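Chains as they are written, first to last, in the UniProt record's numbering: chain A, 1 to 268; chain B, 1 to 268; chain C, 1 to 290; chain D, 1 to 290. Cβ coordinates follow ideal geometry from the N, Cα and C atoms, glycine included. Owing to the predicted nature of the structure, the values given are computational and were not obtained by experimental measurement.
So, in structure tokens, the structure goes:
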């Protein structure tokens, strides 16, 4: 059944590519929206023993449909246990027990810093975004971080108006010097490709490109002069089994919630 | 049924006198041993809505027999809820929700400071006592404190070798100046009488004496020149109903535990 | 000691103009009915506290109840922006809204510190973030043993906390279960508290170590079946995702917002009446009262 | 990730000479079987941590396992002194025992701080007590907002924590209930952990919001029915108060203590064997294995 197919959307390959990065047995702190879709797809395909933790309190959630909010009842009913939100942040995240923090973002910069706070000046915002949520501490305390968001020049900017959550700060060893424990964002997965930090400069570099996408498209969708890896790899196309699992999951979700899966992101 | 009787032991009148001080509806942090006996007697007689909290975690415990340890199963099974020990000390005691801390002690001094740590030098102890347990924070954070212990010159000393838990420190306004929030020990109940702090000097003064006990007896059992209130009251004798309730409670306890109620005190 | 009382009386006697008020609930058990009642009674100048201000705070802010918001994530979960919140921050309508902004970890720890009667919360947090640049209430302290630098933020200690829970017994002891969020801490951090519940029962039948708030630690318990709508109460109702989507166009303009609030909140008597009117205006919503 | 393994192997591989080891359990669920196994395997130089050192620490101290004790209350609950503990502190027998002494509030907060990966715990505590004079690890810090003085003590972060619980499932997820003490925090504060359980079941049947420790957060889960004896496991056994009383004369002299330990612990294979020998030597105890 694992025959390749080209019949997939840009969002689907983004989700599948993000999902593939999650190894089985990983303890994953999951943001709602795209990260949650990718993490649950991993759980339903190659990583049945991935442990999903949501900031609302469920530990080891195994939802049958995708949660629309971070506190859906299905998360609680399928979890190994549900603890209070303070405990999630204190004992489990700050306690150093999270392998992967899986985050969305409104904007990222060339050093994988994240903005979810404000566009324009903080005191006179052009666009007021939802704010930090759990991201600042997930970004700093998870052992590594995956970021998933759609590619656009507005989302991928050279310099953020506001750093909500730290990536590599000004690049190089700035993150380490700031005393941030986790390794930081090791992959940014978009609908066009995969960016990973340069080992030394920590500048996000295009190291993976989805089939059918051109380097020029990615450059045009990036707000800085994007470096392209000399070793650029084309993303493996999703196999039919994985695509079917993803579509089944989304169909179940739509049927259960009486609506298409909201990809707007957000917590609440 | 509330006819007076003289048929009681010194320990019984101590327990009954201590019990009477607990008003109905009071939230009481209970030490094991004598305090627990008195608090449960209050609950079973004049104060049915007293709320008993034990440091092991039960909130609103209503044990049918006296607990021999601070963590008896009956405490958990009869409580409104059982929380972790950290929560007891953080949210409930430090949170300022305890009306009365009910403590035992190995030694008290003239300013109602408590020693449960050591007799002799700390580094070369003559007698190593069990230690602080919950007492230092109960003594400082409960809105007021009752201490119950048997009268003897070894127990009532002018100056403690070690202050485990603060009473009025050096007396006067020393406690307030040290920034301790609760009112402190407002009564020390013994098998001979009741001592309360002088309103100004905070020196423990004999203000109540049990029937049949002489002032000389109390003075002889006190390791400093005990002041006697000019308004010294004789403790009301326990009524038959209360005595019956106490004896029934102790008989039930003995039957359940296959042993007499341990009065040795202690937590664990 | 909890008084079992109608919500209207609880809000009238316990929520005062200028108070610091926390309505908590993490997607689950959000006290919408109580928020409506605060709007109906016209409270003004409130400092609102909430980790995840969403629809109910959008409504309270848009109706002019709030002078300040302390929060860590403000949005319509799964849908997008809170238009009334944005209008207040971006345009100062209907009045300027001061904001004090944290991360979830910061807020959660601040509630824990409040419940623990500590003046500040200590956490590893905010490192590398610009939040400390815009929030003078994020400071740093040194560990007296290791010299490590740790974040410190003031405790949250509301005048009133309001939550919704599944049930209370006749003495006013409250049981909640499922997604617990920060509700217990928010109640214990507050001077006064209101708990709306789905039902009053003879016996809570609480499992061992359940999240029970004893009656003597609460101010008021108010039976309001379905009082979390469009949020939900596990075991009683489901989240009405359609309402969250429907809110977006309603809140987008000041006029549609005001008209909707007048019809559904100001001109209704209580939450049951709100549900009745909503069933007329939005028949596609899951508005049937439980 | 928890390995379900015999206790002997768990102690052999996870508890090392010189380790900081916490055996926790607040009257309820005290891991006596694991303590015996540590004695049998002859561990030395341990820093023992426990809020309420009682019989099992009396035995470990008397058998020479411990170099240091961090604690807040040491006694035989309801009976009196721990004679082996006192002999070590007062006479240095069988070897000197360094002590670091706190209050319960301090210890409980230190475990919370350890579980939270903070270097120190912050509390209102020790005011007016002489404990800070004899314990240099009790310090004071200032609130950066109010200037209030608060106590600070180092986190407890054991190399190994050992607890007893009611049950585990076949994956190694653990459920405990009733009096919980500081066990969850002690496990999460530690680098490694061993949980002995009454039984292994197919399904934990945990109520909502129960105290569950996930398998991936533990090192070893060991089935030891009755492994808390003479402490108890709610739903499985009762506390054997008679044993606590019987311990007093046994521990009072070095000779009776050593003879008893040899017969009941050193010369027995495991905890079941200990219970069998005890049933012979103390037939009045509730020694029947569950």
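Give a yes or no on whether 7 Å exceeds the smallest Cβ distance from residue i to chain D.
i, result
"residue 145 of chain C", "yes"
"residue 50 of chain A", "no"
"residue 134 of chain A", "no"
"residue 163 of chain B", "yes"
"residue 201 of chain B", "no"
"residue 278 of chain C", "no"
Can you give me the start and stop residues for the alpha helix (DSSP H) that residue i sits inside?
i, result
"residue 73 of chain A", "73-78"
"residue 169 of chain C", "Element bounds for residue 169 of chain C: not the alpha helix (DSSP H) but the beta strand (DSSP E), 160-169."
"residue 277 of chain C", "271-281"
"residue 243 of chain D", "241-252"
"residue 133 of chain C", "131-134"
"residue 36 of chain B", "34-44"
How would you list, in chain order, the residues of chain B whose beta-carbon sits under 7 Å from the beta-carbon of residue i?
i, result
"residue 212 of chain C", "80 and 81"
"residue 127 of chain D", "140, 166, 178, 179 and 180"
"residue 188 of chain C", "91 and 95"
Cβ closer than 8 Å: which chain C residues qualify as neighbours of residue i?
i, result
"residue 179 of chain B", "Near residue 179 of chain B there are no residues of chain C at all, since even the closest Cβ is about 13 Å away, more than 8 Å."
"residue 27 of chain B", "216"
"residue 169 of chain A", "128"
"residue 98 of chain A", "In chain order: nothing, as chain C lies at least about 12 Å away."
With a cut-off of 7 Å, does the C-beta of residue i fall near any C-beta of chain B?
i, result
"residue 216 of chain C", "yes"
"residue 152 of chain C", "no"
Counting only the same chain and skipping the five closest in sequence on each side, list residues whose C-beta sits under 7 Å from that of residue i.
i, result
"residue 210 of chain C", "175 and 177"
"residue 115 of chain D", "185, 188 and 189"
"residue 225 of chain A", "none"
"residue 1 of chain D", "215 and 216"
Hey, could you find the ends of the beta strand (DSSP E) residue i is sitting in?
i, result
"residue 193 of chain C", "192-201"
"residue 264 of chain C", "Here residue 264 of chain C belongs to no beta strand (DSSP E), and DSSP marks it neither H nor E."
"residue 139 of chain C", "139-142"
"residue 68 of chain C", "66-71"
"residue 146 of chain A", "144-148"
At a CB-CB cut-off below 8 Å, which residues of chain A make contact with residue i?
i, result
"residue 71 of chain C", "131"
Give me the chain D residues within the contact set of residue i, using Cβ-Cβ distance strictly less than 8 Å, ordered along the chain.
i, result
"residue 85 of chain B", "26, 51, 104, 108, 180, 181 and 182"
"residue 173 of chain C", "Here the premise fails: no neighbours, minimum Cβ distance about 16 Å."
Going along chain D in order, which residues have a C-beta closer than 7 Å to the C-beta of residue i?
i, result
"residue 121 of chain B", "Going along chain D, no residue has its Cβ under 7 Å from residue 121 of chain B, so there is no contact; the nearest lies around 10 Å."
"residue 141 of chain C", "141 and 144"
"residue 60 of chain A", "214"
"residue 125 of chain B", "89 and 90"
So that I know if they touch, is there some Cβ in chain C lying closer than 7 Å to that of residue i?
i, result
"residue 110 of chain A", "no"
"residue 131 of chain D", "no"
"residue 122 of chain D", "yes"
"residue 31 of chain A", "no"
Is there a Cβ from chain A that is less than 7 Å from the Cβ of residue i?
i, result
"residue 284 of chain C", "no"
"residue 241 of chain C", "yes"
"residue 91 of chain C", "no"
"residue 155 of chain D", "no"
"residue 301 of chain D", "Nothing about residue 301 of chain D can be reported from this structure: the residues present for chain D run from 1 to 290 only."
Under 8 Å Cβ-Cβ, which residues of chain B neighbour residue i?
i, result
"residue 237 of chain C", "Under the 8 Å cutoff, chain B gives no residues; its nearest Cβ is about 24 Å from residue 237 of chain C."
"residue 116 of chain C", "90, 91, 94 and 95"
Grab me the residues of residue i's own chain with a C-beta within less than 6 Å of its C-beta, minus the 5 sequence neighbours each way, in chain order.
i, result
"residue 111 of chain A", "167, 168, 171 and 202"
"residue 208 of chain A", "193, 194, 233 and 235"
"residue 224 of chain D", "7, 33, 196 and 271"
At a CB-CB cut-off below 7 Å, which residues of chain C make contact with residue i?
i, result
"residue 128 of chain A", "86, 89 and 90"
Residues of chain D with a CB under 9 Å from the CB of residue i: which are they?
i, result
"residue 262 of chain C", "In chain order: nothing, as chain D lies at least about 40 Å away."
Mind listing the chain A neighbours of residue i? Cutoff is C-beta to C-beta under 9 Å, in chain order.
i, result
"residue 208 of chain D", "76, 77, 81 and 82"
"residue 8 of chain C", "Simply none; closest approach about 27 Å."
Requested in this report: Could you tell me whether the stretch 67-80 of chain D touches the stretch 239-246 of chain D, where touching means 3 or more Cβ pairs closer than 8 Å?
Outcome: Here the stretch 67-80 of chain D lies against the stretch 239-246 of chain D, with 3 or more beta-carbon pairs under 8 Å apart.
Requested in this report: Would you check if the stretch 13-26 of chain C and the stretch 47-56 of chain C touch, i.e. whether three or more CB-CB distances between them fall below 8 Å?
Outcome: Counting Cβ pairs under 8 Å, three or more are found: they touch.
Query raised in the report: Residues in the stretch 58-69 of chain D with C-beta within 7 Å of chain F's C-beta atoms, listed in sequence order?
Result: The displayed structure is made up of protein chains A, B, C and D, and chain F is not among them.
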